[in-house]
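Visitor:
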Amino acid sequence: MTPEAVFDWAIQTAVAFVATIAFSIIFHTPREQYVCAGLVGAFSWLIYIVYVYFTGDVVFASFFAALGLTYLARVFSFARKAPLPVFLIAGIFPVVPGAGIYYTGYHIFMNNNVEAMSKGVETIKIAIAIALGIGIVVSLPRFFFTLRRKGSTT
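Mapped onto our numbering, the consecutive letters of the sequence shown carry residue numbers 586 to 739.
1) Step through the CB atoms of chain B and report whether any lies within less than 8 Å of the CB of G683.
2) With DSSP as the reference, label A667 as helix, strand or coil.
3) For M702, report the span of its alpha helix (DSSP H) as first-last.
4) Could you work out which residue in H692, A667, F649 and A607 is closest to S575 when comparing CA atoms only?
5) Looking only at its own chain, which residues have a Cβ that is under 7 Å from the Cβ of G685, when we skip the five neighbours before and after it?
6) According to DSSP, simplified to helix, strand and coil, what is H613?
7) For L725, is the classification buried or exposed, using 16 other Cβ atoms within 10 angstroms of its Cβ as the cut-off for buried?
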């Protein structure tokens, strides 16, 4: 791991933060939730790029990014008393395989069937990995995400 890689990760994470906030603004997320939504998006992208850097596997990187972003989205959902989709939909924005979908369509249009099939299968694997990551964390009991106060019984 080089200092250049860490600097690149910091830049990409900052860009993911800003992009997620921009996505939140466009889709009318409540103003007081912008920063938390941005943090979820930045966190998911950081998990993704670090995992890809060390393993090169984009499918499992997407899975672990979905696990992390869904966990953080649930924590913010309980802490901020806001619906989960406020953070989940905005936070998933950086890891959705939009380029894969684009290149699948491009290769279909250009009649490159082998490339289209390759990109399409990879994109479907990523989408399934993201769905599984979200499903696993959403199915966890509530007590994993609530912040307990000292002396509280609830």
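Where a beta carbon is used, it is the ideal one built from N, C-alpha and C, also for glycine.
Keep in mind it's a predicted model, so treat the numbers as computed, not measured.
Guide: The short version:
1) Reference to chain B is not applicable here, since this structure consists of a single protein chain.
2) Here residue 667 corresponds to residue number 82 of the sequence shown, with the count starting at 1. A667: coil per DSSP, three-state reduction.
3) Reading the sequence shown from its first residue, position 117 is the one you call residue 702. Where M702 is concerned, the enclosing alpha helix (DSSP H) stretches over N698 to V723.
4) Past the edges of the chain, shown from 586 to 739, lies residue 575, and the structure says nothing about it.
5) The residue labelled residue 685 in the question sits at position 100 within the sequence shown. K704, E707, T708 and I711.
6) For the purposes of this step, residue 613 is taken as the residue at position 28 of the sequence shown. Three-state DSSP puts H613 in coil, outside helix and strand.
7) Translated into the one-based positions of the sequence shown, residue 725 becomes position 140. So L725 ends up on the exposed side.
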